[in-house]
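First the structure, in the form of structure tokens, and then the observations on it.
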Amino acid sequence: MSNTSLESRQAFGPPFAEKKRKRPDVIADMLRERMIDADLKPGDRMPAEWLAPEALRASRGTMREALKILEFQGLIASKTGPGGGIFIRAVQPAEAIQTVTSLFLQAPPSIANIYALRKTLEPELAADAALHLPEETIRTLQDKIRLYEGQAATAEEEYVQRLAELDFHAELALHAQNPVLGFTCGLLLNLLRDLPVCRAIYEEPNPGLRETGIFYQIELIKAIRARDAEKARSIMTEHMVEAEAYMLERARLNAMRPGLDR
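Each residue of the sequence shown is one higher than the last, beginning at 409 in our numbering.
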């Protein structure tokens, strides 16, 4: 790989990376670049010659640390015994989303930050579903609505219902034709599930909100079944605008409550 190609990739690296990186981190990046250039697929064995300390001018201890980093990132898995070695592993989207969510929990985005993207991306996700979602998945969406269409008997049940409503959107994200769109929408949903300010809102009783959510989702399924992408986009846009207004208002009221630490 040319130096120009490597520099181009690194230009899109983490903006908050340490200026002075540790040697195992550098070696891990070099191995990752080799995996990309060699077009290794999940299940492929990493060539043994790559792991020789002299190959990357690193000590055995540094190589072990570099491999631990790649294993933690979910990129490789080691096997011992006959036929063992270092093998390329498929990173699961859910794992990657959880890792990125943990990053944002250190410096949480605002509800407005999240919905600034949801209002743009979710309508496109809905339009995509109207064009491509198979009937089997549409039935799965209907099944998810049934999980929260009944009145909750306790606050705990209502909280579970609120998360089930998010699962409806997660199902759309899971089947997006554009994997980047699906991943990003999935990340935003995970942030809504995990951010303390959002958890506090979801724990508050609000039967009317559940009914509103069901209304939009039923209308959306109708538009998807009719293969009407514009209608689906319009319904989801209205849904996101209303959801944002509710979340922002509840967050404002919660912040005004004395003695409440959110």
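Every residue, glycine too, gets a C-beta built ideally from N, C-alpha and C.
Beta-bridge partners of I496 (DSSP): I484. Of the other Cβ atoms in all chains shown, 16 or more fall within 10 Å of the Cβ of M471; this residue is therefore buried. A straight-line Cα-Cα distance of about 22 Å links I632 and L596. Listed as beta-bridge partners of R453 by DSSP are F495. Contact between F495 and R453 holds: CB atoms are separated by about 6 Å, below the 8 Å threshold.
Only buried fits D536, as 16 or more other CB atoms lie within 10 angstroms of its CB. Here DSSP, grouped into helix, strand and coil, assigns P516 to coil. The criterion of a C-beta distance shorter than 8 Å is satisfied by I553 and I622. Pairing P517 with H577, the inter-Cα distance amounts to about 20 Å. Between A651 and V605, the CB-CB gap reaches or exceeds 8 Å. Residues of the same chain with a CB within less than 6 Å of the CB of L539, apart from the 5 flanking positions on each side, are A637 in chain order. Boundaries of the alpha helix (DSSP H) harbouring H647: A637 to M664, taken from the DSSP string.
Within the stretch 542-627, the runs of alpha helix (DSSP H) that reach at least 4 residues and sit entirely inside it are, in chain order, 543-554, 563-582, 587-602 and 604-610. Membership of L439 in the alpha helix (DSSP H) is indicated by the continuous run R431 to D445.
Residues of the same chain with a CB within less than 7 Å of the CB of R431, apart from the 5 flanking positions on each side, are A466 and T470 in chain order.
Rounded to whole angstroms, the gap between the alpha carbons of T507 and A446 is 26 Å. Sequence-distant partners of A436 (beyond 5 residues in either direction) whose C-beta falls short of 6 Å from its own C-beta, in its chain, are A474, I477 and L478.
For A535, the three-state secondary structure derived from DSSP is helix.
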